[in-house]
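Protein chains in written order, with my numbering: chain R, 1 to 548; chain P, 1 to 548.
Below is one structure, written out as C-alpha cells; the observations come after it.
There are 2 protein chains.
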Amino acid sequence: MPNKARANLENLYRIFTVPEAPDSTLGAIDQAISDDVTGFLQTHIVAIERNLEEIEANFSSSAIPEEPTYVSEYTEFVKEHLVAQSVHTAAPGFVGHMTSALPYFMLPLARLMTALNQNLVKVETSKAFTPMERQVLAMLHHLVYRREDAFYPPWIHNSQAALGAFCSGGTIANVTALWVARNRLFAPEGAFRGIAREGLGRALKHHGIDGVAVLVSERGHYSFGKAADLLGIGQDQLIKVRTDANNRIDLKLLRQECRRLQDKNIRPLALVGIAGTTETGNVDPLEALADFALEIGCHFHVDAAWGGPTLFSDRYRHLLNGIERADSVTIDAHKQLYVPMGAGMVVFKDPTALSAIEHHAAYILRHGSKDLGSHTLEGSRPGMAMLVHAGLSIIGRKGYELLIDMGIERARTFADMIRQHPDFELTSVPELNILTYRYCPQAIQQTLAGATPELTARINALLDQVCQLLQKHQREAGKTFVSRTRLRTTRYGEGITVLRVVLANPLTTDEILTSVLAEECQIVQQPEIQALLQQVAEMGTAPGLTTG
Amino acid sequence: MPNKARANLENLYRIFTVPEAPDSTLGAIDQAISDDVTGFLQTHIVAIERNLEEIEANFSSSAIPEEPTYVSEYTEFVKEHLVAQSVHTAAPGFVGHMTSALPYFMLPLARLMTALNQNLVKVETSKAFTPMERQVLAMLHHLVYRREDAFYPPWIHNSQAALGAFCSGGTIANVTALWVARNRLFAPEGAFRGIAREGLGRALKHHGIDGVAVLVSERGHYSFGKAADLLGIGQDQLIKVRTDANNRIDLKLLRQECRRLQDKNIRPLALVGIAGTTETGNVDPLEALADFALEIGCHFHVDAAWGGPTLFSDRYRHLLNGIERADSVTIDAHKQLYVPMGAGMVVFKDPTALSAIEHHAAYILRHGSKDLGSHTLEGSRPGMAMLVHAGLSIIGRKGYELLIDMGIERARTFADMIRQHPDFELTSVPELNILTYRYCPQAIQQTLAGATPELTARINALLDQVCQLLQKHQREAGKTFVSRTRLRTTRYGEGITVLRVVLANPLTTDEILTSVLAEECQIVQQPEIQALLQQVAEMGTAPGLTTG
Numbered sequence: 001m002p003n004k005a006r007a008n009l010e011n012l013y014r015i016f017t018v019p020e021a022p023d024s025t026l027g028a029i030d031q032a033i034s035d036d037v038t039g040f041l042q043t044h045i046v047a048i049e050r051n052l053e054e055i056e057a058n059f060s061s062s063a064i065p066e067e068p069t070y071v072s073e074y075t076e077f078v079k080e081h082l083v084a085q086s087v088h089t090a091a092p093g094f095v096g097h098m099t100s101a102l103p104y105f106m107l108p109l110a111r112l113m114t115a116l117n118q119n120l121v122k123v124e125t126s127k128a129f130t131p132m133e134r135q136v137l138a139m140l141h142h143l144v145y146r147r148e149d150a151f152y153p154p155w156i157h158n159s160q161a162a163l164g165a166f167c168s169g170g171t172i173a174n175v176t177a178l179w180v181a182r183n184r185l186f187a188p189e190g191a192f193r194g195i196a197r198e199g200l201g202r203a204l205k206h207h208g209i210d211g212v213a214v215l216v217s218e219r220g221h222y223s224f225g226k227a228a229d230l231l232g233i234g235q236d237q238l239i240k241v242r243t244d245a246n247n248r249i250d251l252k253l254l255r256q257e258c259r260r261l262q263d264k265n266i267r268p269l270a271l272v273g274i275a276g277t278t279e280t281g282n283v284d285p286l287e288a289l290a291d292f293a294l295e296i297g298c299h300f301h302v303d304a305a306w307g308g309p310t311l312f313s314d315r316y317r318h319l320l321n322g323i324e325r326a327d328s329v330t331i332d333a334h335k336q337l338y339v340p341m342g343a344g345m346v347v348f349k350d351p352t353a354l355s356a357i358e359h360h361a362a363y364i365l366r367h368g369s370k371d372l373g374s375h376t377l378e379g380s381r382p383g384m385a386m387l388v389h390a391g392l393s394i395i396g397r398k399g400y401e402l403l404i405d406m407g408i409e410r411a412r413t414f415a416d417m418i419r420q421h422p423d424f425e426l427t428s429v430p431e432l433n434i435l436t437y438r439y440c441p442q443a444i445q446q447t448l449a450g451a452t453p454e455l456t457a458r459i460n461a462l463l464d465q466v467c468q469l470l471q472k473h474q475r476e477a478g479k480t481f482v483s484r485t486r487l488r489t490t491r492y493g494e495g496i497t498v499l500r501v502v503l504a505n506p507l508t509t510d511e512i513l514t515s516v517l518a519e520e521c522q523i524v525q526q527p528e529i530q531a532l533l534q535q536v537a538e539m540g541t542a543p544g545l546t547t548g
Numbered sequence: 001m002p003n004k005a006r007a008n009l010e011n012l013y014r015i016f017t018v019p020e021a022p023d024s025t026l027g028a029i030d031q032a033i034s035d036d037v038t039g040f041l042q043t044h045i046v047a048i049e050r051n052l053e054e055i056e057a058n059f060s061s062s063a064i065p066e067e068p069t070y071v072s073e074y075t076e077f078v079k080e081h082l083v084a085q086s087v088h089t090a091a092p093g094f095v096g097h098m099t100s101a102l103p104y105f106m107l108p109l110a111r112l113m114t115a116l117n118q119n120l121v122k123v124e125t126s127k128a129f130t131p132m133e134r135q136v137l138a139m140l141h142h143l144v145y146r147r148e149d150a151f152y153p154p155w156i157h158n159s160q161a162a163l164g165a166f167c168s169g170g171t172i173a174n175v176t177a178l179w180v181a182r183n184r185l186f187a188p189e190g191a192f193r194g195i196a197r198e199g200l201g202r203a204l205k206h207h208g209i210d211g212v213a214v215l216v217s218e219r220g221h222y223s224f225g226k227a228a229d230l231l232g233i234g235q236d237q238l239i240k241v242r243t244d245a246n247n248r249i250d251l252k253l254l255r256q257e258c259r260r261l262q263d264k265n266i267r268p269l270a271l272v273g274i275a276g277t278t279e280t281g282n283v284d285p286l287e288a289l290a291d292f293a294l295e296i297g298c299h300f301h302v303d304a305a306w307g308g309p310t311l312f313s314d315r316y317r318h319l320l321n322g323i324e325r326a327d328s329v330t331i332d333a334h335k336q337l338y339v340p341m342g343a344g345m346v347v348f349k350d351p352t353a354l355s356a357i358e359h360h361a362a363y364i365l366r367h368g369s370k371d372l373g374s375h376t377l378e379g380s381r382p383g384m385a386m387l388v389h390a391g392l393s394i395i396g397r398k399g400y401e402l403l404i405d406m407g408i409e410r411a412r413t414f415a416d417m418i419r420q421h422p423d424f425e426l427t428s429v430p431e432l433n434i435l436t437y438r439y440c441p442q443a444i445q446q447t448l449a450g451a452t453p454e455l456t457a458r459i460n461a462l463l464d465q466v467c468q469l470l471q472k473h474q475r476e477a478g479k480t481f482v483s484r485t486r487l488r489t490t491r492y493g494e495g496i497t498v499l500r501v502v503l504a505n506p507l508t509t510d511e512i513l514t515s516v517l518a519e520e521c522q523i524v525q526q527p528e529i530q531a532l533l534q535q536v537a538e539m540g541t542a543p544g545l546t547t548g
C-alpha cells in the first residue's frame with residue numbers, strides 16, 4: 001500500500017477509535033456545553049441578525065470536499081458560521097415559537113442516546129428500547145384516555161397491537177391518524193379487499209361515493225393540508241370551518257358544511273378537534289365535537305400537539321374535556337414535554353386501530369414480532385422515546401403540572417399588560433399559554449371603533465405593515481423575539497397581521513414580558529413605521545370615513 | 001405559596017438552570033462517553049441476551065409517575081435496565097444490520113445540535129441551519145447528478161425551489177419521491193386543478209384510468225408498500241417484479257408486467273431501481289431502467305438509501321451508472337454516511353419537482369420565504385443536516401471512498417471464506433458490501449445437487465429451521481450478530497431462509513469474520529439443531545427421492 005493511502009487509512013481508523021482530546025477545539029466546546037449550556041449559547045450565538053444572503057455565502061459550494069479536514073478546523077468553521085448564526089431558541093426572551101429551554105438532564109441523556117445509536121424499527125437493533133417506547137406510548141395513552149389500570153397489561157407489549165405510534169413530529173402523527181381513519185373507513189368488506197390493497201380509486205367506487213373529507217377549523221395546523229394531499233383526499237376536501245370569536249370551530253357552520261358534503265356525495269372521513277391551536281392556543285369544544293362525530297359516524301381526531309400536556313394540570317385539565325372520546329390524539333414531546341426536537345406521538349383509543357396500516361417485511365417486521373416498524377409510518381428511527389421516558393420520570397406529573405400552570409398564568413399576566421397598555425390591542429384572549437396582539441395606538445383604536453368597513457380595511461392594511469416591520473426589526477435586534485401570523489377575526493372580518501407569543505419557557509419572567517412591549521414601543525419610533533402610523537392618523541380625520 | 005409548592009418550583013428551576021455535577025451519576029456517564037465511548041458501550045451493555053418478556057417487566061407501568069424523581073435515581077435505572085439491555089450496534093462483530101460504528105466527532109457535534117435545538121421547519125428557528133441543510137442537499141445532488149458547477153448557484157438557496165428534501169429516514173424519502181411523482185403525473189391541466197387539490201379519485205377520472213402502479217423488483221424495500229398504501233395507490237398496484245439470479249430486476253418480466261397493466265387500464269406512475277438492495281446489496285441495471293422509464297414515460301426513482309455512497313468510490317462508482325438519469329434518488333445518511341440514526345434524504349434531478357408538494361401556512365412557510373418546511377413531508381425537524389455536513393467536510397470524498405472500498409473488499413473476502421468452507425452455502429454473491437449465506441453441510445449440498453424438486457423443498461424447509469435457530473442462538477450469545485431473511489432464489493425456486501451480513505463497520509476485521517463462521521459451526525452442534533440435520537441426512541438416503 002503506498003504511504004499516502006496508508007496514512008489516510010490510519011486517519012480513518014483514528015476518527016472511529018480515538019475520542020476528541022479534552023483540550024481540542026471540539027473537546028472544549030463539548031466541555032463548555034456540559035458545564036453551562038446557557039452560558040455557552042449566550043456567548044456563542046450572535047444576537048444581532050445577519051442578512052440571510054450573507055450567511056448563505058458560507059454554504060454556497062455544491063462540491064463535496066475532496067480531501068478530509070481536521071476536526072479542529074471544521075469546528076472553528078461551525079463555531080463562527082453555524083453556531084454564531086443560529087437562533088437562541090432557549091432564551092427566555094424568545095417567546096415567538098414553540099421551542100423553549102430544555103431541562104439540563106436532557107443533554108447528557110441525548111448524548112447517551114446518540115452513543116447507543118439504537119434503531120427502533122426492530123427489536124434486534126433496539127432491544128430494551130422497544131418495550132420502553134411501548135411504555136411511553138401507554139403512559140401517554142393513559143394520560144389521554146385514563147383507562148383503568150387493568151386495561152393496559154394485555155396491550156402494552158402485545159405484538160398484535162399498538163397503543164400509539166412514535167413519530168419524528170406532529171405532522172407525521174397527524175398524517176398517521178388520518179391514514180388509520182381512511183383505512184378503517186375503507187376496510188376489507190366482502191369482495192373489496194380494503195384500500196391498503198386496492199387503493200383509493202376502487203375504495204370510492206366500492207362505497208359509491210365521490211370523495212371523502214376531513215373537517216377542521218380554519219385554525220387547523222398546516223399538516224392537515226399535507227395529509228389531505230398525501231393520502232389522496234385532496235385539499236379541496238379539507239374543509240376549514242370558520243371559527244367563532246374565541247377561535248373555536250363554529251358548530252353551526254360545521255353542520256352546514258357536512259350537509260354540503262352530503263349533497264356532493266362526499267363522506268366525512270374525520271372530524272378534527274384542536275386542543276391548543278398553533279396560532280392562538282385555543283381549544284375546540286371537544287365534547288360537542290365528539291357528539292357530532294358520533295352522530296355523523298366518522299373518526300374523531302384531536303390535534304393536541306401543543307395542548308395535550310395541559311392534561312397534567314388538575315386546574316386546567318377540564319379545558320380538554322372530551323379528548324378521552326377521541327379515536328386518536330396527537331401529542332408532541334418536543335413541545336410541552338420539553339424534549340429536544342424530533343419527537344411526536346399519536347395514541348389511539350382502540351389498541352387494534354393501528355393494524356389498519358400494518359406492514360411487514362421478510363428480514364424484519366416479521367409477523368408476530370414486536371418490531372415497532374410494523375405500526376409506524378417511518379422506518380428506521382432513533383431512540384427519542386428515552387428522552388420522553390426521562391422527562392415523565394424525572395419531572396413527573398406534578399412537575400409538568402407546575403410548568404403548565406405557570407405558562408397559562410403567565411399568558412394571563414401578559415394579556416393584562418397588553419390590555420392595560422394604551423397602544424396595544426389584544427387580538428386573541430389566551431386560553432392556554434398562547435396569545436396574539438398588535439401594535440395599535442390608542443388614537444387609532446378610537447378611530448377604528450367608529451370606522452366604516454372601508455376605513456377599517458384601509459387602516460388595518462397599514463397596521464399590517466406596521467406589524468410586519470415591527471416583528472422584523474425586533475427579530476433582527478435579537479434581544480427578544482415574537483412571531484407573527486395572519487388571523488381572520490370576528491371583530492374585523494378579514495385577516496389582520498398580529499404578533500404571536502408562546503409562553504412555555506419557565507425562565508421567562510414578567511420583567512422580560514414588560515421589556516418585550518417596551519422594546520416594541522421603541523421600535524415603532526423608527527421613521528419608516530412612524531410614516532405608516534401618520535398615514536393612518538390622517539385617514540382618521542378625513543371626512544366621510546368615520547361613522548362616529 | 002405553601003412551602004411544598006415553593007420547594008417544587010425551586011426544583012423545577014434547578015433542572016432548567018443547573019447542569020449535572022461532574023461527579024453525579026449522569027455526569028459520570030457523560031464523562032465516560034466523552035472519554036471512551038467504545039469502552040463505555042462494552043462495559044455497560046450486557047452481551048448475553050435476556051428474554052424480552054423479562055425486560056418488558058421493567059417497562060410495564062402505564063401510569064406516569066406522580067412525583068418527580070432524582071436524576072441520579074433515574075440514571076441508575078437507565079444504566080441497569082435500558083443501557084445494559086440495549087444492542088451494541090457499533091460492535092465490530094455486529095454485522096447483521098445496517099447500523100455501524102460512528103466516527104468519534106459525531107458525538108460532541110450531536111450534543112451541540114441538541115443544545116442548539118434548532119427547528120429546521122423555518123428560518124426563524126434555524127437561521128444558518130437552513131442554508132446549511134440546503135448546501136448538504138446540493139452536495140448530495142452533485143454527488144448523484146454531477147451537474148456542472150454553474151448549475152447550482154441559481155438553485156441552491158432559491159426559495160422557489162429545492163434540490164431535495166431532508167427526512168427522518170429512507171422511508172419518508174421514498175414516500176416523498178413517489179408523492180412528487182404522483183402529483184406531477186396528476187398536475188393541474190385545464191379544468192382539472194391537480195391531485196393535490198382535487199384528490200386521487202377525480203385525478204383518475206380526469207385521466208380516464210383505473211389506477212396507477214409503481215414497479216419495483218421483489219427486493220424492493222418495505223417502504224414502497226407503505227408508500228403505495230399511504231398515497232392511495234394500493235399495494236396491489238405495487239408490482240413486485242421478479243429478480244434474476246443476481247437479485248436484479250428481470251427486464252423481460254418488467255415489460256410483461258407493464259403490458260398487463262395496460263390491459264387493465266392502469267398507468268405506470270413510477271419505476272423504481274434499487275442501488276443496494278436491503279437484503280443482498282445488489283444494484284438493478286439502472287441504465288436499462290432509465291431507458292425503459294423514458295420509453296413508458298414514467299417517473300424513474302432510484303432507492304440508493306444503502307448504496308448511494310458507492311458514488312464516492314472511483315473504483316466502484318460505475319456500478320451505479322444510470323443513477324444520474326433518475327428523476328429522484330433516496331440516500332440515507334444514517335447508513336453509509338456514518339451519521340447517527342434519523343437522517344435520510346431524497347434529491348430530485350429537476351429543482352422545481354418538489355413544488356408539486358409545496359405547502360404554505362400563514363404563520364410560517366409564507367410564500368417566498370426560505371422555510372424548508374414548505375418542501376418536506378415532515379414539519380418540525382432537528383438540525384441533523386449538520387452531522388451530514390460534518391461527515392462530508394471532515395471525512396471528505398476520499399475518506400468515504402476508503403470506507404466504501406474497504407466494505408466491498410471485505411464482503412468479497414467473506415464470500416470467499418464461505419465458498420471455501422465445506423459446510424456453508426453462499427446464497428447471494430456480494431456486489432456491494434452485503435451478502436447472504438446459510439449453513440448447509442457438505443453432504444446435504446451433495447444431496448441437494450441431485451434432489452427432485454419435492455426433496456429439495458423438504459430439505460430446505462428443515463434447513464430454514466436450522467437457519468432460524470442458528471441466528472437466534474448466535475444473537476442471544478451476544479458475541480457476534482448476523483441477521484436473517486427469506487429470499488426466493490433462482491436456484492431453489494421458492495423462498496429459503498438465509499443469514500445476512502452487512503459489512504460497513506471499518507473496525508470489522510477478517511479475524512472477526514472467521515470467528516463468525518467458527519461460532520456458527522459451534523452453535524449447530526446443539527442437539528436441537530443436530531436433530532434437524534439428522535432428519536435431512538435420513539431424507540437423502542430415502543429411496544426414490546434423489547435423481548442422482
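All residues carry an ideal CB built from backbone N, CA and C; glycine is no exception.
Looking at the structure shown, is residue i part of a helix, part of a strand, or coil, going by DSSP?
| i | result |
| --- | --- |
| residue 547 of chain R | Its pLDDT being 47, under 50, residue 547 of chain R is placed unreliably in this model, and the coordinates cannot settle the point. |
| residue 106 of chain P | helix |
| residue 357 of chain R | helix |
| residue 376 of chain P | coil |
| residue 343 of chain R | coil |
| residue 268 of chain P | strand |
By the 10 Å Cβ neighbour count, where 16 or more other Cβ atoms means buried, how is residue i classified, buried or exposed?
| i | result |
| --- | --- |
| residue 373 of chain R | buried |
| residue 547 of chain R | Its pLDDT being 47, under 50, residue 547 of chain R is placed unreliably in this model, and the coordinates cannot settle the point. |
| residue 401 of chain P | buried |
| residue 70 of chain P | exposed |
| residue 23 of chain P | exposed |
| residue 354 of chain R | buried |
Could you tell me the alpha carbon to alpha carbon distance between residue i and residue j, rounded to whole angstroms?
| i | j | result |
| --- | --- | --- |
| residue 550 of chain P | residue 100 of chain P | Nothing in the structure corresponds to residue 550 of chain P, since chain P is present only between 1 and 548. |
| residue 122 of chain R | residue 172 of chain P | 17 Å |
| residue 321 of chain P | residue 287 of chain P | 6 Å |
| residue 334 of chain P | residue 10 of chain R | 23 Å |
Looking at the strands, I want to know which residues DSSP matches up with residue i.
| i | result |
| --- | --- |
| residue 328 of chain P | P:301 and P:348 |
| residue 249 of chain P | P:243 |
| residue 556 of chain P | For residue 556 of chain P there is no data in the structure shown, the boundaries of chain P being 1 and 548. |
On the DSSP letters alone, give me the boundaries of the beta strand (DSSP E) that residue i sits inside.
| i | result |
| --- | --- |
| residue 214 of chain P | 211-217 |
| residue 166 of chain R | 164-167 |
| residue 494 of chain R | It is not in any beta strand (DSSP E) - residue 494 of chain R carries neither H nor E in the DSSP assignment. |
From what residue to what residue does the alpha helix (DSSP H) around residue i run?
| i | result |
| --- | --- |
| residue 404 of chain P | 396-420 |
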